[in-house]
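Student:
Residue numbers (this note's numbering): 40 to 350.
#1: Starting from the Cα of residue 213, find the closest Cα among 226, 235, 181 and 231 and give me that residue.
#2: Under 8 Å, with one C-beta from each stretch per pair, do the region 295 to 303 and the region 274 to 282 reach the 3-pair mark?
#3: Does the distance from the CB of residue 191 to the CB of residue 144 come in under 7 Å?
#4: Using 10 angstroms around the beta-carbon of residue 330, count the other beta-carbons present and answer buried if the total reaches 16, otherwise exposed.
#5: Determine the extent of the beta strand (DSSP E) in which residue 90 is found, giving its start and end residues.
#6: Per DSSP, what kind of secondary structure is residue 304 in: helix, strand or coil?
#7: Determine the closest residue to residue 270 out of 311, 262 and 248, with distance taken between C-alpha atoms.
#8: Residue 226 by DSSP, collapsed to three states: which one?
#9: What residues in its chain sit with their C-beta under 7 Å from that of residue 205, if we drop five residues either side in the sequence?
#10: Can you tell which of 68, 76 and 102 has its C-alpha closest to the C-alpha of residue 341?
#11: Give the straight-line distance between the Cα atoms of residue 350 and residue 52, rounded to the nearest whole angstrom.
#12: Bridge partners for residue 42 per DSSP, in chain order?
#13: If you draw a straight line from the C-alpha of residue 339 to the C-alpha of residue 88, how long is it?
#14: When we look at the beta-carbon of residue 82 and count the other beta-carbons within 10 Å, is it buried (16 or more) or exposed?
#15: Starting from the Cα of residue 188, find the closest Cα among 74, 98 and 126 and give me that residue.
#16: Determine the extent of the beta strand (DSSP E) in which residue 358 is found, giving its start and end residues.
#17: Check for me: the alpha helix (DSSP H) holding residue 112 runs from which residue to which?
#18: Is the region 318 to 328 touching the region 240 to 256 in the sense that three or more CB pairs, one from each, lie closer than 8 Å?
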């Protein structure tokens, strides 16, 4: 598959701190690639290296076949970037912000006006075009920032926590537009703390922890990594069995109890559910509710980062 980003041994030191530690990965053209990890794991540092803000200490990376060091201008030519700490120009209007960014990115006057009109319409900002940046709410500012990242018609879009702290409507709109642009061919590199967002949008996900890649796979593939996080949730009406009785069921790896509700972890949740039903019948326990649960991407994320010793 055609690679939009290729990273080999990418490393960044800050004095004695190794922020990113010899990581390797590829991002395929046309995919949404999620880059997940705890605070301080190396996500933003990786984006800053790939977009030319800082130089790697070691290793190499290329964007669309262009080395980020030796062919930096070519590598950045078709990028859109939304940094985590970005802001609009507060003394310019919404329209002026978009036009200025289009000009800085080299778009012609007619081209940037046409794109700008389309983007303001898409992001629900047409009625705000004459408002200055300082008058916008956080959600509207973030919509504007995504407009500014897209005004250059990029082939590759870097989004660093694009919906963090936003109102529900703005976050949903940004996700919808990212997905729609991806269907039109845009490659997206996304960092997020929102596991539901990653599960909804991403074709593949890398999990980085302590500067190292812990796993890379599709969301479905990563969920298979945490099969032990599958569980059976059962609630009893009236008398409940002691936890030890449930722990003795074959294939149960752990049991958590909250009053009359139990969570039994197992790689065979269907079989365990059947055995709970049999146990209840034989011992006279009354089951009020029982269900099985597959691991979510958040479960996988916690499983991998806890395994690596993250707090």
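We put the CB at the ideal spot given by N, CA and C, even for glycine.
Please read all numbers here as calculations on a predicted model, not as lab measurements.
Tutor: Considering the structure as presented:
#1: 181
#2: Segments in contact, yes.
#3: yes
#4: exposed
#5: Premise fails: residue 90 is in no beta strand (DSSP E) and is neither H nor E.
#6: strand
#7: 311
#8: strand
#9: 177, 178 and 181
#10: For the residues 68, 76 and 102, the minimum Cα distance to residue 341 belongs to 76.
#11: Confidence at residue 350 is low in this model, with a pLDDT of 47, below 50, so the placement of that residue should be treated as unreliable; the coordinate-derived value is given next. Looking at the two C-alpha atoms, the distance is approximately 22 Å.
#12: 67
#13: 27 Å
#14: buried
#15: 126
#16: With the chain covering 40 to 350 only, the question about residue 358 has no answer from this structure.
#17: Here the alpha helix (DSSP H) through residue 112 covers 111 to 115.
#18: Contact between the region 240 to 256 and the region 318 to 328 is absent, because fewer than three Cβ pairs lie under 8 Å.
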